[in-house]
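Below is one structure, written out as structure tokens, with a few remarks after it.
Number of protein chains: 2
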Amino acid sequence: MSNREKHDRMANAIRFLAMDAVQAANSGHPGLPMGAADIATVLFTKVLKFDATDPNWADRDRFILSAGHGSMLLYSLLYLTGYEGVSIEDIKQFRQLGSKTPGHPEYHHTVGVETTTGPLGQGLANSVGFALGERIMAAQFGGDLVDHYTYALVGDGCLMEGISEEAIELAGHLKLGKLIVLYDDNHITIDGPTSLSVSTDQLARFEASGWDATRIDGHDPEAILAALERAKTTDKPSLIACRTTIGFGSPNKAGSNGVHGSPLGAAEIAATRQALNWEAEPFVVPTDVLDAWRLAGLRSRQAHKAWSQRLADTEIELRSEFERRLRGDLPSRFAEAINGVIAKAIADGGAVATRKSSEIVLDTITQTVPELVGGSADLTHSNNTKTKAVSKAVEAGDYAGRYVNWGIREHAMAAGMNGLALHGGLIPYGGTFLVFSDYCRPSIRLSALMGIRVVYVFTHDSIGVGEDGPTHQPVEHLAALRAIPNLLVFRPCDTVETAEAWKIALEHKTSPTVLALTRQNLPLLRTEPSEKCLSARGAYEIIASSGTAKVSLFASGSEVSLAAEARELLEARGVPTRVVSVPCFELFENQPEETRRQVIGSAPVKIAIEAGIRQGWDGLIGSDIGFVGMSGFGASGPAPQVFAHFGITKEAVVAAAEAKLGKVG
Amino acid sequence: MSNREKHDRMANAIRFLAMDAVQAANSGHPGLPMGAADIATVLFTKVLKFDATDPNWADRDRFILSAGHGSMLLYSLLYLTGYEGVSIEDIKQFRQLGSKTPGHPEYHHTVGVETTTGPLGQGLANSVGFALGERIMAAQFGGDLVDHYTYALVGDGCLMEGISEEAIELAGHLKLGKLIVLYDDNHITIDGPTSLSVSTDQLARFEASGWDATRIDGHDPEAILAALERAKTTDKPSLIACRTTIGFGSPNKAGSNGVHGSPLGAAEIAATRQALNWEAEPFVVPTDVLDAWRLAGLRSRQAHKAWSQRLADTEIELRSEFERRLRGDLPSRFAEAINGVIAKAIADGGAVATRKSSEIVLDTITQTVPELVGGSADLTHSNNTKTKAVSKAVEAGDYAGRYVNWGIREHAMAAGMNGLALHGGLIPYGGTFLVFSDYCRPSIRLSALMGIRVVYVFTHDSIGVGEDGPTHQPVEHLAALRAIPNLLVFRPCDTVETAEAWKIALEHKTSPTVLALTRQNLPLLRTEPSEKCLSARGAYEIIASSGTAKVSLFASGSEVSLAAEARELLEARGVPTRVVSVPCFELFENQPEETRRQVIGSAPVKIAIEAGIRQGWDGLIGSDIGFVGMSGFGASGPAPQVFAHFGITKEAVVAAAEAKLGKVG
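Chains as they are written, first to last, in full-length UniProt numbering: chain A, 1 to 665; chain B, 1 to 665.
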């Protein structure tokens with residue numbers, strides 16, 4: 001058998017697994033796996049450094065299927081190359097409830113899946129994070145331990161989403177030469193030919209941002225190999241536009257949008273079997289083909305062995321640090337460092353903005369935790385994300401820094417941070433204004449869905465923004481972020497709570513965290529040292545009432561000090577009032593019912609105070625509450641006037657409490 | 001005085017108004033107005049077609065300040081050219097609460113502001129909508145009535161945001177030759193020089209998408225004029241990269257990020273006065289300069305008069321249709337058309353997906369309402385957004401169609417629809433999957449903040465998506481969208497409610513609307529004709545109980561029929577149960593308290609059912625409820641199995657009700 005024949009049979013194995021699995025599920029996307037089978041076959045049999053027997057080998061090349069709807073391409077490759085955990089039975093269970101082969105690839109759910117994809121463009125932007133992570137880790141641990149490529153397979157959808165441009169510009173700017181993007185250039189989208197909606201010259205577009213770009217026949221294995229080999233040698237990131245036929249091999253449907261997202265149907269699959277000379281039954285891979293694929297799965301074992309030897313030979317301190325970083329464990333001195341910050345904050349006292357509190361915490365922990373990589377979407381000095389330890393930024397050709405100037409690109413920042421976290425060895429945090437969390441929301445959702453440790457530093461968290469006005473004043477964003485499952489949203493009230501929030505964020509390996517921080521100064525409320533991390537309960541009594549409480553005030557962030565002031569007024573009027581700080585809804589919701597009941601308390605009057613909308617508070621503490629907060633968009637003006645204008649004042653809290661007291665008698 | 005001297009003095013008037021207003025407010029962004037003053041002066045005195053005495057003249061050229069933080073540029077221009085409503089007193093009140101000159105330009109708040117900007121990239125994408133709207137209106141009403149340019153001033157931030165690429169690609173693809181983008185190429189962002197984060201060749205980037213692109217000295221009035229004149233003659237959209245100095249004129253701060261977003265300080269302003277030979281006191285514009293500006297404000301009056309004459313000469317039917325369209329009034333036969341759809345739906349009966357219901361409604365109303373412009377982000381046949389009347393798409397050079405193939409660009413679709421709506425004469429609607437509302441959320445927020453009539457058709461609205469899995473299954477999106485103020489979020493339960501939702505969406509001129517629609521079939525529940533539009537109340541009893549209700553079931557969309565089935569089971573067990581359909585939280589919240597109380601009813605047990613998270617339901621109907629819905633992300637599998645897996649079944653509703661009944665006794 002010629003090399004070409006062998007290649008074709010190996011590629012056809014992918015095509016038929018994809019066709020048959022989609023047909024069996026009566027749902028899915030056969031077009032991409034069929035079209036990109038040649039690309040994937042060359043990549044996985046000749047180029048990609050991986051070891052199917054050790055999917056988590058730290059120095060493997062990463063393969064990111066950004067066009068996640070083509071999941072059967074990836075599942076086929078995992079099965080064919082011999083990943084334990086993706087069997088032919090799993091392939092047969094494609095898209096079935098509880099299977100290892102869901103509709104779109106899910107990180108952590110299926111072995112060998114580097115990142116969850118499906119929402120278009122995300123994988124491409126993740127891959128920039130992976131490639132950057134590789135460079136940063138290499139700068140820290142040396143090329144003997146870290147030296148791999150990142151490959152992403154993208155479709156037209158990925159390249160039309162705006163996030164792609166942000167990612168492309170970043171990769172070009174940072175000269176991520178070990179990032180290689182394969183573009184499945186099949187001229188088809190769901191609605192029909194790409195000419196319906198796009199006429200951009202993609203090569204020119206990538207070149208404008210400093211990429212090396214080339215176009216090849218995506219069904220010519222030699223051209224694919226040559227392009228890949230060439231891409232590995234340039235110091236620019238590489239785009240290989242592979243002209244392919246969607247649904248390649250299907251006599252009547254190839255090249256049309258009909259094959260994108262629907263089963264081919266039994267008759268057309270039969271016709272395709274004939275056209276491609278494929279004799280095997282559904283889900284059967286001929287032995288010669290499977291053997292060849294399994295061999296490919298072990299291709300890099302020698303390299304793996306050599307790497308393991310290098311690791312074994314590494315000086316013990318560096319090696320154990322490397323291993324700690326890969327495990328994701330924090331340095332042992334981390335807790336102590338946080339406690340030190342808290343003790344100093346209590347000793348110092350005084351009023352600071354929580355964005356500044358966050359900087360105070362970061363000043364220490366960026367020293368203590370070398371895996372922290374900071375950054376901001378061009379708001380460094382507003383988000384207070386830069387510290388001495390991370391003062392040096394990564395730049396083209398020099399990745400020894402620990403700070404990323406993401407530019408005004410919130411979306412690629414978030415998706416890039418996902419890539420950094422997924423790469424391993426790094427904990428990324430990045431800042432923008434809370435209101436612009438909307439710009440990166442799809443990636444925040446994926447951080448949460450994947451359950452990865454990414455920290456979002458969102459400052460300017462309310463109408464306290466003041467003069468910049470309603471476009472820059474978040475009012476619904478706390479509620480909207482709290483709505484995302486598995487996302488810890490903190491709104492700390494002072495430096496102590498901010499330190500606790502950072503502690504929880506870094507210790508919580510399986511959730512991303514949002515820190516919502518103020519622009520304006522806030523007094524220190526947690527003036528007493530505490531054995532426990534009170535914020536870990538999500539809500540707790542921060543100021544007790546003088547006697548049996550008649551009023552409980554619940555607040556987060558900047559409104560906790562407002563509640564404290566209102567409490568003073570109420571107490572002065574003889575109304576015993578307690579204050580509950582609510583730094584994190586999610587953690588409070590996960591407390592035992594008894595704890596929650598205690599914290600909510602039995603005062604007849606409950607008032608929630610937050611400079612955002614009410615949504616969510618009724619669910620947390622009951623709907624029989626008063627609420628002092630926002631009910632619409634904000635307004636431009638000096639912050640104190642804006643608070644007064646919208647009635648978020650201590651007097652308003654007192655009035656709300658007294659009105660309720662009047663009703664309850 | 002030479003022409004150049006005159007120009008300089010006029011431009012300096014902008015510079016000093018900006019400097020002085022920012023200084024007085026002690027807050028704001030002087031850098032852009034100072035840097036772009038020359039560009040703006042040429043544009044407004046020599047090129048832009050506008051009439052300061054009639055800001056809403058339909059055929060004016062549009063000027064979009066995409067870099068909205070440079071608001072003082074726009075306010076200065078409005079004051080200088082003589083817009084009534086922006087006086088020198090208003091300038092003095094820059095950034096003060098309640099003033100006409102908020103921190104960022106706000107549509108509808110300040111005369112002459114075409115769109116609300118500040119969130120970067122939005123104005124650029126709006127401008128594509130404006131330019132497309134102009135072409136569509138011209139195709140429908142002729143060049144005598146519609147023939148204007150759209151100018152956008154953008155900064156580095158606008159061009160780094162991903163939305164910019166989506167917009168650029170669309171404009172190039174559609175050959176929007178009358179769109180002219182002025183790029184304030186000042187090499188500075190908030191964090192410092194642009195070299196920190198970007199090295200893209202912007203001219204090459206735009207050219208890759210079919211634009212005409214050129215670079216000029218942005219302080220050379222002749223070069224600016226020549227570039228603008230040239231740009232007007234090409235049939236491609238034009239980029240004019242204007243190399244400028246941020247904070248031009250400030251001896252010590254020009255060209256640095258220090259002048260971007262902070263007052264210059266009294267000393268530096270004094271130094272700038274000296275450097276630019278500006279003798280006038282703060283907020284005083286020398287008479288010769290003001291006179292010259294006021295003359296510029298009247299420059300196009302002749303053109304305006306000629307246009308008015310052409311309008312007067314237009315055949316009466318076309319003219320009154322044009323005027324109706326500009327007023328935003330619906331055709332008189334609209335209500336009747338909707339009623340016809342409802343009557344036919346009731347007569348036909350049967351089960352359809354609400355995305356199909358929406359198509360049924362659109363089939364009729366796209367015929368009746370010629371201002372409707374449809375579209376989809378490459379999911380036309382999934383969103384069911386295309387009908388016979390809008391079957392022809394707009395394309396390069398031919399804008400007679402009424403459908404937009406936005407491509408896989410949800411963000412530019414939403415911002416483009418904002419532009420179409422703001423242009424006037426058109427009502428845009430566009431589709432994607434509900435889960436991808438996250439991709440366009442910043443623009444949805446602006447639709448709501450501006451209060452404009454844009455309709456978002458979001459299908460595949462729950463885990464009912466099935467096999468595509470958690471990346472494609474919205475769970476938090478209803479809550480997150482309901483959190484946005486002034487946004488009507490509908491989740492109709494059948495064809496009748498879908499028709500009512502469309503009716504309300506189009507009749508409501510000052511709110512955008514989201515329609516959350518199912519992929520899966522739903523039975524017709526509203527089988528009886530009704531005099532009233534029941535959905536307008538937001539919630540209403542759709543099925544009464546047999547006797548005094550012991551249980552009230554509240555549900556939206558696909559879960560209303562589930563509630564109806566659960567009600568059957570409960571009634572069969574002797575538990576009188578009513579069902580309340582909740583198609584729109586916002587409208588229900590705006591009902592009088594008495595109405596709300598009646599609809600919520602006094603049954604001792606209340607259960608809310610929605611295939612999304614609980615957030616928001618406690619606030620709507622009280623926290624003493626049971627809830628059947630989602631508490632985390634979904635899963636890939638056939639939809640009925642996924643619903644069963646997450647316990648969203650009639651049996652679960654019955655169990656929840658009975659558990660509550662047990663408690664209440």
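By construction, the Cβ of each residue, glycine as well, lies at the ideal position given by its N, Cα and C atoms.
Nearest to B/R301 by alpha-carbon distance, out of B/I543, B/R445, B/L48 and B/E497, is B/L48. Look at B/H104: its C-beta is under 8 Å from a C-beta on chain A.
Judged by DSSP in its simplified three-state form, A/K503 adopts helix. Between B/P119 and B/A171, the C-beta gap is not smaller than 8 Å, which leaves the two residues out of contact. Ranked by Cα distance from B/N486, the first of B/T498, B/C493, B/V514 and B/E166 is B/V514.
Inter-segment contact for the stretch 242-259 of chain B and the stretch 183-194 of chain B is present: three or more beta-carbon pairs are separated by less than 8 Å.
The beta-carbon distance between B/G129 and B/G397, rounded to whole angstroms, is 18 Å. This is too long to meet the 8 Å contact definition. By the beta-carbon neighbour count (other beta carbons within 10 angstroms, threshold 16), B/E5 is exposed. Straight-line spacing of the CA atoms in B/Q23 and B/H29 works out to 10 Å. Look at A/T214 here: in three-state DSSP terms it is strand.
With contacts defined as CB atoms closer than 8 Å, A/I427 and A/E371 qualify as a contacting pair.
In the same chain as B/G70, and ignoring 5 residues on each side of it, the C-beta atoms closer than 7 Å to its own belong to H29, L32, P33 and A36, in chain order. For the stretch 103-154 of chain A, the full-length alpha helix (DSSP H) segments reaching 4 residues or more read 122-141 along the chain. In this structure B/K356 is buried. Its beta-carbon is surrounded by 16 or more other beta-carbon atoms within 10 angstroms. Here the alpha carbons of B/F334 and B/Q367 stand approximately 10 Å from one another. Nearest CB-CB separation between A/F633 and chain B: below the 8 Å threshold. In the structure shown, the three-state DSSP call for B/R402 is coil. If one requires a minimum length of 4 residues, the alpha helix (DSSP H) runs lying completely within the stretch 492-573 of chain A are 495-507 and 558-572, in chain order. DSSP places B/F458 inside the beta strand (DSSP E), whose first and last residues are V455 to T459. Among the bridge pairs identified by DSSP, A/D288 is matched with none. Shown in chain order are the members of the stretch 156-173 of chain B whose Cβ falls below 9 Å from a Cβ of chain A: D156, G157, C158, L159, M160, E161, G162, I163, S164, E165, E166, A167, I168, E169, L170, G172 and H173.
For A/H411, the closest C-alpha among the options A/K660, A/V664 and A/E166 is that of A/E166. Annotation note: the stretch 42-68 of chain A contains the following uninterrupted beta strand (DSSP E) runs of length 3 or greater, listed N- to C-terminal: 62-65. With three or more CB-CB distances shorter than 8 Å, the stretch 475-495 of chain B counts as touching the stretch 605-617 of chain A. The beta-bridge partner set that DSSP reports for B/A353 consists of B/N521.
For secondary structure counted as the alpha helix (DSSP H) over 4 or more consecutive residues, the stretch 360-446 of chain B holds these complete runs in sequence order: 380-383 and 410-423. In this structure, A/G82 lies near A/R294, with their beta-carbon atoms less than 8 Å apart. Fewer than three pairs of CB atoms, one per stretch, sit closer than 8 Å, so the stretch 567-575 of chain B makes no contact with the stretch 621-629 of chain B. At a Cβ-Cβ threshold of 8 Å, A/G469 and A/G634 count as neighbours. When DSSP states are grouped into helix, strand and coil, B/C584 belongs to the coil group. By the CB criterion at 8 Å, A/S87 and A/A152 fall outside the cutoff.
Residue state for A/G629 is assigned as strand, using DSSP reduced to three classes. Inclusion of B/K386 and B/G374 in the CB contact set at 8 Å is warranted, their separation being smaller than that value. In this structure, the CA atom of B/T498 is about 12 Å from the CA atom of B/L525. Contact between B/C440 and B/A400 does not hold, since the beta-carbon distance rounds to 27 Å and is not under 8 Å.
Shown in chain order are the members of the stretch 170-198 of chain A whose Cβ falls below 7 Å from a Cβ of chain B: G172, H173, T189, I190, D191, L196, S197 and V198.
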